[in-house]
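In terms of UniProt numbering, the sequence shown opens at residue 1 and continues consecutively.
See below for the structure under consideration.
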Amino acid sequence: MATPPPLLRLHPHRILPRLRRFTSGRLLLCLHPKSLYATASTSQAAPTPPPQPPPHGPSLRRGRPTTGHPPEALLSFSRTFDLAALRVPAAACASLERRLRGHLLNWPRVRNIARLPNDDGDGLISPPTSPGSSSALPPTAVARREKLAREFNARGFVEFPILAKMSRPTGRTRRETKGRAAGGKETKYEKDKVYVVEVLEQGGEDDEDEWKGLVGEKGFGKGAWRGEPTRLLLLDEGHAKRRVDELPEAVKVVLEHEANQGGPFAYELVQCQLTLFYDYWPMNEVLEALLPEGIIIPAGFETVGHIAHLNLRDEHLPYKTLIAQVVLDKNKPKIQTVVNKIDAIQNDYRTMQLEILAGHDSLVTTVIESGLRFQVDLATVYWNSRLSTERQRLVNNIFQNSDVVCDVFSGVGPIAISAAKKVKYVYANDLNPAAVEYLEQNIVLNKLERKIEVFNMDARRFVNAMYSSQHVHPVTQVVMNLPKDAAEFLDVFRGILRNRQTGHIAMPKIHVYGFSKAEDPEYDFHERINVALCDSVTGVEMHRVRLVAPGKWMLCASFTLPESVASAKANYITC
Numbered sequence: 001m002a003t004p005p006p007l008l009r010l011h012p013h014r015i016l017p018r019l020r021r022f023t024s025g026r027l028l029l030c031l032h033p034k035s036l037y038a039t040a041s042t043s044q045a046a047p048t049p050p051p052q053p054p055p056h057g058p059s060l061r062r063g064r065p066t067t068g069h070p071p072e073a074l075l076s077f078s079r080t081f082d083l084a085a086l087r088v089p090a091a092a093c094a095s096l097e098r099r100l101r102g103h104l105l106n107w108p109r110v111r112n113i114a115r116l117p118n119d120d121g122d123g124l125i126s127p128p129t130s131p132g133s134s135s136a137l138p139p140t141a142v143a144r145r146e147k148l149a150r151e152f153n154a155r156g157f158v159e160f161p162i163l164a165k166m167s168r169p170t171g172r173t174r175r176e177t178k179g180r181a182a183g184g185k186e187t188k189y190e191k192d193k194v195y196v197v198e199v200l201e202q203g204g205e206d207d208e209d210e211w212k213g214l215v216g217e218k219g220f221g222k223g224a225w226r227g228e229p230t231r232l233l234l235l236d237e238g239h240a241k242r243r244v245d246e247l248p249e250a251v252k253v254v255l256e257h258e259a260n261q262g263g264p265f266a267y268e269l270v271q272c273q274l275t276l277f278y279d280y281w282p283m284n285e286v287l288e289a290l291l292p293e294g295i296i297i298p299a300g301f302e303t304v305g306h307i308a309h310l311n312l313r314d315e316h317l318p319y320k321t322l323i324a325q326v327v328l329d330k331n332k333p334k335i336q337t338v339v340n341k342i343d344a345i346q347n348d349y350r351t352m353q354l355e356i357l358a359g360h361d362s363l364v365t366t367v368i369e370s371g372l373r374f375q376v377d378l379a380t381v382y383w384n385s386r387l388s389t390e391r392q393r394l395v396n397n398i399f400q401n402s403d404v405v406c407d408v409f410s411g412v413g414p415i416a417i418s419a420a421k422k423v424k425y426v427y428a429n430d431l432n433p434a435a436v437e438y439l440e441q442n443i444v445l446n447k448l449e450r451k452i453e454v455f456n457m458d459a460r461r462f463v464n465a466m467y468s469s470q471h472v473h474p475v476t477q478v479v480m481n482l483p484k485d486a487a488e489f490l491d492v493f494r495g496i497l498r499n500r501q502t503g504h505i506a507m508p509k510i511h512v513y514g515f516s517k518a519e520d521p522e523y524d525f526h527e528r529i530n531v532a533l534c535d536s537v538t539g540v541e542m543h544r545v546r547l548v549a550p551g552k553w554m555l556c557a558s559f560t561l562p563e564s565v566a567s568a569k570a571n572y573i574t575c
């Protein structure tokens, strides 16, 4: 009887790497741990082995959890990794780093060169050559302590510079010590530390450990370092817990070459511990560890000044506070407030209903765009930072110095003020009184009072006023940036010049924005323009601004207003 072919086992962690994570509920929110890998309860299916963490590189799924300096709420994100390092003279450190680049740690945001406290080496003296000489130190730590206490004087600060530095702490050390004594205040080490490298003591000389930190290397260790500072070159994690003779031959060749080129040269292989704290891990990896399995990790957000604007899905809402706190932690100090949009824009003023999730309560911020400053209150006005590229396209590529721009839906003035820096004159209008108030403030803030005139009225009334008044500059560019409804306002241009008694007037170029979900968005938007103007408009230039949602495009249609439309007998009420 033929042997049946073996079953094909598909490992989920190889097919869907997004699911390779564990759940932790130790930070700010109690989450019930869930099994990451469910196996089918059939008689033929074998249990799927648990996924293995990546073999190399920093990851929250690797290393050992750490207890120590960070606050208790952040301990679950501290990981300790065992490494090996070469202790080399500081003068040779830079050249060795270049030549050993492929054998060094090379982790993001972790320097390959580590500098340990009290490792400057100033004034360190090599141990005496003869143990029987009069200057030899006593053999035990107790005898050395008694000798130091008996002979130490002002000259001792020369022979023991590390002890001298500890005797006179810097102002920063005094402030941190005072803060700890004041009761519970976090020091900078505890609050802002990203990683720390610690050398493991070797050889079992416990009685000498404390004195090595006090008086340097005099009388201790191998005596290889003679009055020069040293540094640690962190080797690749694959070399951890190896001896010197087990290092790669390429590393040995480089060290031997350095010794032959530079005269006396010493190095020492030491074992280290690299601890990565909460501040090291990127936002997406922290959220991946915190959120339950199957939830899509929020990938990004819009930045408005110091405010991070999230658009969370329904599945994120139970964890919105946790997500906001992580976003705030990982983007300080630039981000100081995190908000979430709780409803779509449904009012005439284009304002959004926002919920403050973390940080300061105020929604008033200052946005800097292309060297211009805009004051914005997201509670009362509309702002979209993602349209900054489109605004600059209009100003830099389309508007000319001699143009007169009419911004029908100006908001707080991102297009009007940017254009005023280049064009001859700008007429800006918005229906929202709060937006007009901030527009006037931003005009003064950018010193453009003489080049912008502000209106607060309905869009149709504003366009009629521009073409019925005898005291305005002839408009050459019209911007209608209201994607939801702008096309419906195009009917105001039908018959706009039918009652003008003056001579020939140049037709303005209109830039109208809109959304489309059609398979051919350009054709769909063009047809809507034709319907609004009751005419077949030719020469329309379509530009795709951005994909605002799956299958939904934001478009900009630019065309010169046909004279037949502007001089038509029928107005926008009767087409």
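The beta carbon of each residue, even a glycine, is placed where N, CA and C say it ideally should be.
Given the structure is predicted, the values throughout are model-derived calculations rather than measurements.
- Got a sec? Which residues, its chain only, sit under 6 Å from V479 by beta carbon, not counting five neighbours each side? The residues D407, I415 and H511, in chain order, have a CB closer than 6 Å to that of V479 in the same chain once the five nearest residues on each side in sequence are set aside.
- Query: Measuring CB to CB, does V367 end up less than 8 Å from V304?
  - Reply: yes
- Contact check, L276 vs R61, beta carbons under 8 Å: no
- Query: Roughly how many angstroms lie between the CA atoms of G551 and V531, to the nearest whole one?
  - Reply: 23 Å
- Per DSSP, I505 is paired with what? Looking at the DSSP assignment, I505 forms no beta bridge with any residue, so it has no partner.
- Going by DSSP, which residues form a beta bridge with N340? Its beta-bridge partners are L310 and E355.
- If I'm right that Q336 touches H360 with Cβ under 8 Å, what's the distance once you round it to whole angstroms? Taking C-beta atoms under 8 Å as the contact rule, Q336 and H360 qualify, at a distance of about 5 Å.
- Report the partner residues of residue 619 according to the DSSP bridge assignment. Past the boundaries of the shown model lies residue 619; the chain is included only from 1 to 575, so the question cannot be answered.
- Which listed residue (V244, Y280 and P117) has its alpha carbon closest to that of W107: Y280
- Task: Please check the pair I295 and E315, which I expect to be a contact at CB under 8 Å, by giving their CB distance rounded to whole angstroms.
- Result: 6 Å
- G371: buried (16+ other C-beta within 10 angstroms of its C-beta) or exposed? exposed
- Item | Simplified DSSP state of Y195, which is helix, strand or coil | strand
- Residue range of the alpha helix (DSSP H) that T321 falls in? K320 to K330
- Item | T476 beta carbon less than 8 Å from that of A518 | no
- Query: Quick one: what does DSSP say V110 is sitting in, helix, strand or coil?
  - Reply: coil
- Does DSSP put R64 in a helix, in a strand, or in coil? strand
- Message: Taking its Cβ as the centre, do 16 or more other Cβ atoms sit within 10 Å of R98, making it buried, or is it exposed?
- Response: With fewer than 16 other beta carbons inside 10 angstroms of its own, R98 counts as exposed.
- N- and C-terminal bounds of the alpha helix (DSSP H) containing Q441: First-last of the alpha helix (DSSP H) with Q441: P433 to L445.
- How would you write the range of the alpha helix (DSSP H) that T389 sits in, first residue to last? S388 to R393
- Task: Count the C-beta pairs between the region 532-541 and the region 552-568 that are closer than 8 Å, then say yes if the count reaches three, no if not.
- Result: yes
- Message: Going by DSSP in three states, L291 sits in which element: helix, strand or coil?
- Response: coil
- Message: Quick check on this structure: which residue in F409, A358 and A299 has the alpha carbon closest to the alpha carbon of L322?
- Response: A358
- Task: State the Cα-Cα distance for the pair S516 and V548, rounded to the nearest angstrom.
- Result: 10 Å
- Presumed contact (8 Å Cβ cut-off) between D430 and N456, rounded CB distance: 7 Å
- Query: Who are the near neighbours of R528 in its chain, counting only those whose CB is closer than 6 Å to its CB and skipping five residues on each side?
  - Reply: Leaving aside the five residues that flank R528 on each side, the residues in its chain whose CB is nearer than 6 Å to its CB run, in chain order, A487.
- Query: Mind checking I307: buried by the 16 CB within 10 Å criterion, or exposed?
  - Reply: buried
- Message: Since P483 and Y438 should fall inside the 8 Å C-beta cutoff, what is the C-beta to C-beta distance between them, to a whole number of angstroms?
- Response: Actually they are not in contact, since the Cβ atoms of P483 and Y438 sit about 21 Å apart, beyond 8 Å.
- If P298 and L312 are in contact, beta carbons under 8 Å, what's the gap, nearest whole angstrom? Rounded, the Cβ-Cβ distance is 7 Å, consistent with contact.
- Whose C-alpha, out of L247, D520 and N464, is nearest the C-alpha of G495? When only C-alpha atoms are compared, the closest one is N464.
- Query: Identify the residues that DSSP records as bridge partners of residue 612: which are they?
  - Reply: Residue 612 lies beyond the stretch modelled for the chain, which goes from 1 to 575, so this question has no answer here.
- Item | Continuous beta strand (DSSP E) stretch holding V531: start and end | Element bounds for V531: not the beta strand (DSSP E) but the alpha helix (DSSP H), P521 to L533.
- Message: Is it buried or exposed, D236, if we count other Cβ atoms within 10 angstroms and call 16 or more buried?
- Response: Label assigned to D236: buried.
- Message: Just to confirm, is the Cβ distance from L247 to L83 under 8 Å?
- Response: Contact annotation: L247 and L83 have beta-carbon atoms that are not nearer than 8 Å.
- Message: Using the three-state DSSP reduction, which class does M466 fall into: helix, strand or coil?
- Response: helix
- Taking the C-alpha atoms as reference points, what is the distance between K569 and R498? 6 Å
- Query: Using the beta-carbon count (16 or more within 10 Å), is T230 buried or exposed?
  - Reply: Classification for T230: buried.
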